[in-house]
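Trainee: Heads up: the sequence lines are chains V and B, in that order.
According to my numbering, the first sequence is numbered sequentially starting from 168.
According to my numbering, the second sequence is numbered sequentially starting from 34.
Virtual Cβ for every residue (Gly too), placed ideally from N, Cα, C.
Just dropping this structure here.
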Amino acid sequence: MSMKRILLPMLVALVPAFAQAEGISGNLVLYTSQPNTDAQQTVDAFKAKHPGINVTFVRDGTPKILAKLSAEFEAGQPQADVLLIADSVTMEGLKKEDRLLAHEKADVSAYPAGTHDPQKFWFATKLITTGIAYNTKATFKPSSWQDLTRPEVKGQLVMPSPLTSGAALIHAATLTGNMDGGWDYYEALKDNDAVAGGGNGDVLKQVAGGQKLYGVIVDYMPIREKAKGAPVEFVFPKEGVSAVSEPVAILKNTKNPDAARAFVDFLLSQEGQELALKQGYIAAHPAVALPAGYPAREQIKVMSFDAAKALADETKNKAAFADIFGQ
Amino acid sequence: MRHRAQSRSFLERGGFGLLALVALLVFAFDVLPALRLLIAALFPGGAFNPDAMLAALSSRSAVKASRATLETAFLSTLLALPLGTLMALVLGITDIRRRRIASFLFVLSVMISPQVIALAFLHLAGPASPILNTLGLAPEAGSANPMLGRGGIILVLGLHHAPLVYVVMSAGLKRIPLAVVEAARIDGARPLGILADHLMPLLRPHLIGAALLAFVAGIGNFGIPALLGAPVNYLTLPVLIYRRLSSFGTGMIGDISALGLLVAAIALVCVATSQFLTRKDAVHLDDDGPLKPFWSLGRARIAAEIFVGLVLAATLLLPILSLTASALVPSYGMPLSWETITLDNFVEVLARQDVTIRAFTNSLLYAGGAALALALLVVPVAYGLVRLMGRWRILAVSLVEIAYVLPGIVLAIACILLFLKPLPLVRVSLYATPWIIVFAYLARFLPVALKPALAGMAQIDVAQEEAAAIDGARLAQRLFGIVLPSLLPAAVAGGLMAFLLAFSELTVSALLWSAGTETIGVVLYNLEEAGLASQASAVAIVIVAVVTVAMLVLDALGKYLPEGALPWQCEPRAEEHVRRHALHAPARAPAVGRLEPKPALS
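Okay, structure coming up:
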């Protein structure tokens with residue numbers, strides 16, 4: 168009896184030590200806006216380093232991921248441990264609501280200040296810009312955002328909706344802040360019979376498939392499809408591009424903080440950043456090269472945008488967009 | 034009749050456990066969700082506020098979506114009604130060959146879930162269509178896909194719902210006594226005259242009933258307008274509800290419930306009217322044989338057969354070809370040829386991607402589990418309804434139908450409202466667990482699974498039970514000894530039917546899935562939405578294969594089933610007729626006995 172009383176706590180105390188010795192293990196749930204194939208590759212690469220961790224991922228557009236997450240918060244059943252979503256504005260919102268867990272030991276020495284949250288609640292993993300794609304069969308080649316309001320583009324433009332895509336929401340906040348007349352630019356696009364449907368994947372499908380000749384889209388999709396032989400071309404418009412950073416963060420409610428931290432560490436490591444390069448993204452790590460098909464890092468002109476305002480106006484911007492494009 | 038009434042009161046004694054089970058199921062699956070939805074719409078935030086509901090219903094997008102919903106549902110009915118009726122007539126009264134296989138294939142096309150069919154038609158046309166590209170017929174780049182938008186939705190809804198009309202009209206035809214035709218013949222009427230002057234007037238209630246069902250099915254459909262309308266912002270109410278909830282979250286659930294209530298109200302009114310019309314049987318078929326094919330088409334037969342072939346090509350063959358072509362090309366938009374053909378998409382979805390593999394497992398588990406539970410439940414429930422509930426039976430059967438008649442997306446909202454907050458007492462939330470999906474499947478498909486069992490109950494001879502009861506057999510013994518053996522095939526068929534509909538559904542799980550509980554319908558939709566059209570097609574092909582196999586199993590079960598349990602059986606079986614007479618079985622059960630793939634197929 169007494170032996171049992173002594174032995175049992177000792178055994179229990181030893182269990183974590185054993186687990187530590189064998190590496191981190193357990194389940195990890197990732198909510199991400201990466202396309203399925205990319206998300207699977209990211210998870211596979213992470214699992215190769217940490218075979219003990221069983222990763223499940225859910226993929227959807229950032230606003231939809233957030234809607235799902237907020238319902239789960241309400242149910243008291245948040246499922247995700249780690250978020251890898253389009254933009255830092257959304258992350259700032261979650262940080263303000265006290266949903267995130269800081270990862271103080273994250274090694275960010277290689278990254279310039281500003282790519283991550285100063286309190287280390289979230290970390291940028293890439294640079295994803297939004298520009299213009301066109302089908303190579305199109306005779307008119309646009310070179311600026313203003314070109315999209317021209318008659319040659321009439322009825323032929325498709326763009327992602329901020330109701331589905333986080334990058335599209337930042338894009339709308341950026342463009343309305345930079346173009347003369349703000350939302351008038353979108354009104355002009357609407358007058359030019361532009362349509363806004365689902366996410367970036369849908370835009371790629373429509374432009375590559377030739378259902379529309381022009382699309383507003385994140386850079387990596389048309390650039391890597393072009394490399395595979397799809398009839399698309401990507402343009403960095405001369406006014407500049409909008410950009411998101413695909414940040415990663417750990418949720419406060421995580422049931423497996425060790426695995427979650429390991430996942431963040433992996434994405435920020437040289438190896439994780441090389442994977443982003445291999446997948447056709449501009450990695451956040453300044454020393455990692457750019458994939459083929461991109462101009463040099465310093466030649467990409469990113470338009471400025473007011474993150475605090477974008478956060479405050481999030482619902483307003485979604486509603487304004489939905490109103491113009493009848494969503 | 035007097036005899037039955039007496040025996041009923043005699044057998045009705047006891048069985049409170051069974052009655053409680055029926056009452057509990059009806060309350061949990063139908064009354065509770067419907068009430069919760071009403072409360073959410075009328076009392077947003079806890080206070081009675083009909084103005085908030087009216088505001089939600091009169092917003093610009095809601096009005097636009099209501100118009101789109103009514104418009105597509107109405108116009109698609111105009112297509113489905115003549116198509117389904119013609120098919121029912123050609124297969125039901127003419128001497129066409131291969132009617133059985135044609136009937137099977139036609140009904141199979143409605144069993145394949147709408148999002149699969151929508152995906153197929155989407156890939157059938159437009160500049161990226163693999164089939165058109167292979168044939169060199171693709172329109173030039175920049176031309177719109179004609180399937181996207183209003184016209185495409187109407188076309189696909191109409192083709193997809195024609196089999197619903199067919200099933201109702203075939204059932205109507207089978208209720209007309211052969212004597213009607215024989216009498217007209219003696220009068221010298223020609224087949225066309227018999228059809229126009231004698232059959233069509235008798236079929237009128239079914240015609241209206243079928244039209245209403247096709248209309249409701251159009252109102253509640255999610256898969257088709259989601260794939261064909263959403264990309265061009267032509268939104269119907271179910272799609273608007275889905276988009277609002279999935280993009281803005283549960284903060285808007287009050288508004289969304291109001292929209293849901295609107296769809297539910299339209300659906301309930303139409304279905305109630307249709308039930309009323311088809312239940313009111315002017316013609317009784319007690320001792321007379323049912324209608325048999327009487328029209329020898331002669332040389333015109335080949336034309337009728339070509340018509341049937343064309344309809345089947347449009348509703349089934351063409352969609353499957355389109356999906357196959359899209360699934361076999363490496364990237365959407367490429368032509369299919371010996372150089373480009375690849376099985377990569379199948380490997381990707383069946384072996385490489387965890388999420389699709391998990392989703393197939395999940396759907397098999399949830400749909401299979403729900404089907405198994407339903408098969409076990411239907412025997413006691415059918416018995417309780419038929420033998421123990423007396424006149425309450427009509428009310429109970431109508432209530433059971435609620436969860437099936439409600440558009441799936443509305444049922445999903447009701448489930449979120451019920452289960453988002455942790456349950457009282459146990460303090461566990463079902464949200465984000467598989468149980469919320471299984472609950473919704475049980476509620477939704479109970480009436481589907483119940484139908485064959487109800488039909489079977491109508492064929493069990495009361496006398497046998499009475500004899501057993503006189504011998505002192507208790508209710509449980511009678512249930513196991515007499516009822517269960519006769520109802521077993523019907524219970525299995527009901528379960529399989531529920532599995533068939535639940536396996537690839539999207540409407541319910543679109544709002545209820547969570548990390549790790551994705552269903553195959555959700556994955557298909559997400560793949561398509563993410564632009565991975567070829568992989569979505571590969572998933573669709575696998576779904577079609579599973580559904581076809583399940584239908585074939587059901588068909589093989591056919592000979593053990595009560596007549597009319599399978600919607601595609603179009604020839605009455607002679608030997609069964611004899612058996613029924615020998616048993617003095619009660620006259621054919623009212624419409625509850627018939628298994629109709631009704632609106633909830635959306």
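Just curious, the alpha helix (DSSP H) that threonine 257 of chain V is in, first and last residue?
Mentor: Where threonine 257 of chain V is concerned, the enclosing alpha helix (DSSP H) stretches over 255 to 263.
Trainee: Can you name the start and end residues of the alpha helix (DSSP H) that glycine 382 of chain V belongs to?
Mentor: Looking at the DSSP string, glycine 382 of chain V is not in any alpha helix (DSSP H); the run it does join, the beta strand (DSSP E), is 381 to 385.
Trainee: Which of helix, strand or coil does DSSP assign to glutamate 400 of chain V?
Mentor: If DSSP states are grouped into helix, strand and coil, glutamate 400 of chain V belongs with the strands.
Trainee: Starting from valine 643 of chain B and walking both ways along the alpha helix (DSSP H), at which residues does that stretch end?
Mentor: Residue 643 of chain B falls outside the range modelled here, since chain B spans only 34 to 635, and no answer is possible.
Trainee: Return the bridge partner residues of serine 409 of chain V from the DSSP annotation.
Mentor: According to DSSP, which records beta bridges pairwise, serine 409 of chain V is partnered with V:Thr297.
Trainee: Strictly under 9 Å for the Cβ-Cβ distance: is asparagine 254 of chain B near chain V by that measure?
Mentor: Taking Cβ atoms only, chain V never reaches closer than 9 Å to asparagine 254 of chain B, which makes this a no.
Trainee: Express the C-alpha separation of alanine 482 of chain B and tyrosine 464 of chain B in angstroms, rounding to a whole number.
Mentor: Computed Cα separation, rounded: 25 Å.
Trainee: Assuming valine 140 of chain B contacts valine 200 of chain B under a Cβ cut-off of 8 Å, what Cβ separation, rounded to an integer in Å, is found between them?
Mentor: The pair is a contact, with the Cβ atoms about 7 Å apart (cut-off 8 Å).
Trainee: Do phenylalanine 281 of chain B and leucine 336 of chain V have their beta-carbon atoms positioned less than 9 Å apart in this structure?
Mentor: Cβ atoms of leucine 336 of chain V and phenylalanine 281 of chain B: not closer than 9 Å.
Trainee: Closest to histidine 231 of chain B by C-alpha separation, out of B:Leu206, B:Ala89, B:Ile72, B:Ala473, would be which residue?
Mentor: Nearest of B:Leu206, B:Ala89, B:Ile72, B:Ala473 to histidine 231 of chain B, Cα basis: B:Leu206.
Trainee: Among V:Gln201, V:Gln446, V:Tyr278, V:Gly439, which has the Cα closest to the Cα of glycine 366 of chain V?
Mentor: That would be V:Gln201, whose Cα lies nearest to the Cα of glycine 366 of chain V.
Trainee: For chain V, check one thing: does any of its Cβ atoms lie closer than 9 Å to the Cβ of asparagine 395 of chain B?
Mentor: By this cut-off, asparagine 395 of chain B is not an interface position.
Trainee: Taking Cβ-Cβ distances shorter than 8 Å, what residues in chain B pair up with serine 237 of chain V?
Mentor: Chain B residues near serine 237 of chain V: Gly282, Thr283, Gly284.
Trainee: Below 6 Å CB to CB, which residues in the same chain sit around leucine 599 of chain B once its five sequence neighbours on both sides are set aside?
Mentor: These residues qualify, in order along the chain: Gly591.
Trainee: Quick one: is glutamine 148 of chain B near chain V, going by C-beta distance under 9 Å?
Mentor: Glutamine 148 of chain B does not count as touching chain V.
Trainee: Assuming valine 438 of chain B contacts valine 304 of chain B under a Cβ cut-off of 8 Å, what Cβ separation, rounded to an integer in Å, is found between them?
Mentor: So it is a contact: roughly 5 Å between Cβ atoms.
Trainee: Against valine 64 of chain B, what residues of chain V qualify as contacts under a CB-to-CB distance less than 9 Å, listed in chain order?
Mentor: The premise fails here: valine 64 of chain B is roughly 23 Å from chain V at the closest Cβ pair, so nothing lies under 9 Å.
Trainee: Quick check on DSSP: helix, strand or coil for glutamate 609 of chain B?
Mentor: Residue confidence is low: glutamate 609 of chain B scores 43 on pLDDT, short of 50, so the model does not pin down where it sits. No coordinate-derived value is stated.
Trainee: Residues in the segment 557 to 571 of chain B with C-beta within 9 Å of chain V's C-beta atoms, listed in sequence order?
Mentor: So the list reads Asn559, Leu560, Glu561, Glu562, Ala563, Gly564, Leu565, Ala566, Gln568, given in the order they occur along the chain.
Trainee: Using beta carbons (cut-off 9 Å, strictly below), is asparagine 378 of chain B in contact with chain V?
Mentor: Not closer than 9 Å to any Cβ of chain V, the Cβ of asparagine 378 of chain B fails to qualify, so no.
Trainee: Methionine 367 of chain B: which of B:Pro160, B:Leu57, B:Ala216, B:Leu71 sits nearest, CA to CA?
Mentor: The option with the nearest alpha carbon to methionine 367 of chain B is B:Pro160.
Trainee: Under 9 Å, Cβ to Cβ, is there at least one residue of chain B near alanine 487 of chain V?
Mentor: No, no contact with chain B.
Trainee: Please report the Cβ distance between valine 362 of chain V and valine 265 of chain B, rounded to the nearest whole angstrom; I am assuming they are in contact, meaning their Cβ atoms lie under 8 Å.
Mentor: Contact holds; Cβ gap of about 6 Å.
Trainee: With DSSP as the reference, label glycine 81 of chain B as helix, strand or coil.
Mentor: One point to set straight first is that residue 81 of chain B is phenylalanine, not glycine, in the sequence displayed. The answer is coil: DSSP assigns phenylalanine 81 of chain B none of H, G, I, E or B.
Trainee: Would you mind sorting proline 462 of chain V into buried or exposed? The rule is 16 or more other CB atoms within 10 Å of its CB.
Mentor: Exposed is the call here.
Trainee: Please give the ranges of any beta strand (DSSP E) in the segment 445 to 518 of chain B, keeping only runs that are unbroken, at least 3 residues long and fully inside the region.
Mentor: List check, beta strand (DSSP E) in window: nothing returned.
Trainee: If you draw a straight line from the C-alpha of alanine 171 of chain B to the C-alpha of alanine 177 of chain B, how long is it?
Mentor: If you take the alpha carbons of alanine 171 of chain B and alanine 177 of chain B, they lie about 11 Å apart.
Trainee: Looking only at DSSP bridge pairs, what is valine 362 of chain V linked to?
Mentor: Answer is V:Val325, bridged to valine 362 of chain V.
Trainee: Can you have a look at glutamate 434 of chain B and say buried or exposed, based on whether 16 or more other CB atoms are within 10 angstroms of its CB?
Mentor: Buried, since its Cβ has 16 or more Cβ neighbours within 10 Å.
Trainee: Verify the CB distance criterion: does leucine 181 of chain B have a CB-CB separation below 9 Å to chain V?
Mentor: Yes, leucine 181 of chain B counts as interfacial toward chain V.
Trainee: Residues bridged to histidine 283 of chain V by DSSP?
Mentor: The partner list for histidine 283 of chain V (beta bridge, DSSP) reads V:Phe290.
Trainee: Who are the Cβ neighbours of glutamine 446 of chain V in its own chain at under 7 Å, not counting the five residues just before and after it?
Mentor: Taken in chain order, the residues that qualify are Asp205, Gln208.
Trainee: Looking at the unbroken beta strand (DSSP E) that takes in alanine 416 of chain V, where does it start and where does it end?
Mentor: Segment 414 to 418, the beta strand (DSSP E) holding alanine 416 of chain V.
Trainee: Whole angstroms is fine: what's the gap from serine 307 of chain B's alpha carbon to phenylalanine 248 of chain B's?
Mentor: Between serine 307 of chain B and phenylalanine 248 of chain B, the C-alpha separation is close to 11 Å.
Trainee: Step through the CB atoms of chain B and report whether any lies within less than 9 Å of the CB of proline 398 of chain V.
Mentor: Yes, contact with chain B.
Trainee: Would the segment 355 to 362 of chain B count as touching the segment 563 to 573 of chain B if we require 3 or more Cβ pairs under 8 Å?
Mentor: In short, these stretches touch, since the Cβ pair count reaches three.
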